[in-house]
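In the UniProt record's numbering, the protein residues as written are 1 to 533.
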């Protein structure tokens, strides 16, 4: 029965045949029929058919025929938009975490995102492993947004990923540590200047994290100096790039329309989000093309290129100019906001936990002589508690709270039949805090879990798939080492120089609900310089 239902819901030609047959029988048996009545009869039967089809999808399919009907699901699904309204009523990721903890399940939870569409939320380690390694699942739902930004196909992304792997190897990433540290120094000096000029003891860490991340992406990723830490005028440019991942009210309405309309229509609707992404994409592509042209001139003149990711890719000879532009667009769209969010949440957690912050500062000052000290990969990676703090922050607040994969074909997860077109949701904000994987203190900020022998990379979790911040498998984050090194360098400089403070009971309520999760109204923390470093 389930197989028949899947066939009926995805194979549309039978519907045309049924409609044609109905009209044919009307012509044969209705003695009053004439050719003049054809439009009337066709309209009448078409309306009747569409009404019946809608009734089947809304009231019958999900209850009686869906192969996923036996899976547990949250209560209160609306027959029009399913669970969508509840999922967007809170910051991204939080509803999925709540459902994972309150709904008894074997690893899969059914989530209805519309009257005729359905998704499944993966909540257990076994199902996560399957979803991460199943070749028939791709991130096509979020791919449409990336294609707007990068202008490239899924196949091209896979080719690009394969040939970029050497550029993201640890051997090459460690050459970028001095770049990370130099930007960390600039960040500290910029904060110091603001504190003196404005006679204040507070800063908006969201703003400074975004500026530092932009400069690192530009310098280490592209060999370009945005100078956003030094020049406030870069703010408009940063807002432009931020529009690629920001979720406004118009974007939420666009999300609703995407439930019922194909992407070929919704992608071109005159919403501010669509227009903003187009403008940002155009400006970013022009900048990328100019930088690549300059690098090619350097290569022709036998000049040594900077050790950034794009220069390494260019020297490999595996990329066309267009492919390199796409790669640079990826850095700007994906690397900037995610890295900024990671630093924001790390400082937030340190500001609330002074004992952890003090211990971290002690380790930093024992191993790094001062802000002007030369810090390379060997020195930074030797700071085990710094590594633990950053890993724990990334666990609790993954910059991307959930990701969506789409079934390219019929497949199975944990023995459950998954029909083609089903969305499979993976939620780091749920898995990373699962009590069955991390213990009863899964919600606590506890860097110690990464300090025990043999737990530096696992945090003592019960599964390799318990830490989903960078995902896993063939489509895991290629820039994981880059991102972690960047976060460690920035955190080292900030915690080494300053003491951060915020009300211990303060919780961030307003979180952006776009692709990247961070405080939507900024995050002001008290800053005090600690003498002696």
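Glycine is no exception: its CB is placed at the ideal position from the N, C-alpha and C atoms.
Check, Outcome
"Range of the contiguous beta strand (DSSP E) that encloses residue 500", "498-501"
"Per-residue DSSP class, three states only, for residue 486", "helix"
"Neighbour-count burial assignment, residue 83, 16 or more Cβ in a 10 Å radius", "buried"
"Residue 457 versus residue 60 - alpha carbon distance", "48 Å"
"Counted within 10 angstroms of its Cβ, other Cβ atoms place residue 235 as buried (16 or more) or exposed", "Low per-residue confidence applies at residue 235: pLDDT is 48, beneath 50, and the placement is therefore not dependable, though the value from the model is reported in the following sentence. Exposed, by the Cβ-count rule."
"Helix, strand or coil at residue 417 [DSSP, three-state]", "strand"
"Nearest residue (CA-CA) to residue 285, options 451, 326, 427, 526", "326"
"Spatial neighbours of residue 451 in its chain, beta-carbon cut-off 8 Å, leaving aside the 5 residues before and after", "384, 385, 388"
"Endpoints, beta strand (DSSP E) assigned at residue 108", "108-111"
"8 Å Cβ cutoff met for residue 536 and residue 478", "Coverage of the chain is limited to positions 1 through 533, which leaves residue 536 absent and any answer about it impossible."
"The alpha helix (DSSP H) enclosing residue 388, as first and last residue numbers", "384-396"
"Assigned secondary structure, residue 524 (DSSP; H/G/I helix, E/B strand, else coil)", "strand"
"Cβ shell of residue 174 (< 6 Å), same chain only, five flanking positions each side left out", "377"
"CB contact check: residue 182 to chain B, cutoff 8 Å", "Looking for chain B here will not work: only one protein chain is present."
"Residue range of the unbroken beta strand (DSSP E) whose run includes residue 425", "423-426"
"Beta-carbon proximity of residue 525 to residue 351, cut-off 8 Å", "yes"
"Cβ-based neighbour list, residue 530, same chain, cut-off 6 Å, excluding 5 preceding and 5 following", "499"
"Residue from 192, 367, 345, 368 with nearest C-alpha to residue 527", "192"
"Pairwise C-alpha distance: residue 291 and residue 459", "41 Å"
"Start-to-end residues for the beta strand (DSSP E) that takes in residue 203", "202-204"
"Cβ neighbour criterion (16 or more within 10 Å) applied to residue 506", "exposed"
"Residue 141 to residue 219 span [Cα, whole Å]", "Residue placement at residue 141 is flagged as unreliable, the pLDDT there being 41, under the threshold of 50; the coordinate-derived value follows with that caveat. Straight-line Cα distance between these residues: approximately 31 Å."
"Integer-rounded CB distance, given that residue 206 should sit under 8 Å from residue 518", "6 Å"
"Under the three-state DSSP convention, the category residue 508 falls into", "coil"
"Beta-carbon spacing of residue 212, residue 176 below 8 Å", "no"
"Sequence-distant residues of its chain with Cβ nearer than 7 Å to residue 294 (five each side left out)", "none"
"Distance, residue 48 Cα to residue 401 Cα", "43 Å"
"Close-in-space but distant-in-sequence residues of the same chain around residue 94 (CB under 6 Å, 5 per side omitted)", "none"
"Rounded C-alpha distance that separates residue 162 from residue 323", "12 Å"
"Span of the alpha helix (DSSP H), counted from its first residue to its last, around residue 403", "Unbroken run through residue 403 is the beta strand (DSSP E), 403-407; no alpha helix (DSSP H)."
"Sequence ranges, alpha helix (DSSP H) only - wholly within the region 430-492, length at least 4", "435-438"
"Cα-Cα separation between residue 430 and residue 533, rounded to whole angstroms", "39 Å"
"Continuous alpha helix (DSSP H) stretch holding residue 356: start and end", "354-367"
"The region 488-499 touching the region 369-376, judged by at least three CB pairs closer than 8 Å", "yes"
"Where the alpha helix (DSSP H) through residue 177 begins and ends", "177-197"
"Cβ neighbours of residue 489 in the same chain (closer than 8 Å, five flanking residues each side left out)", "177, 180, 181, 183, 184, 375, 380"
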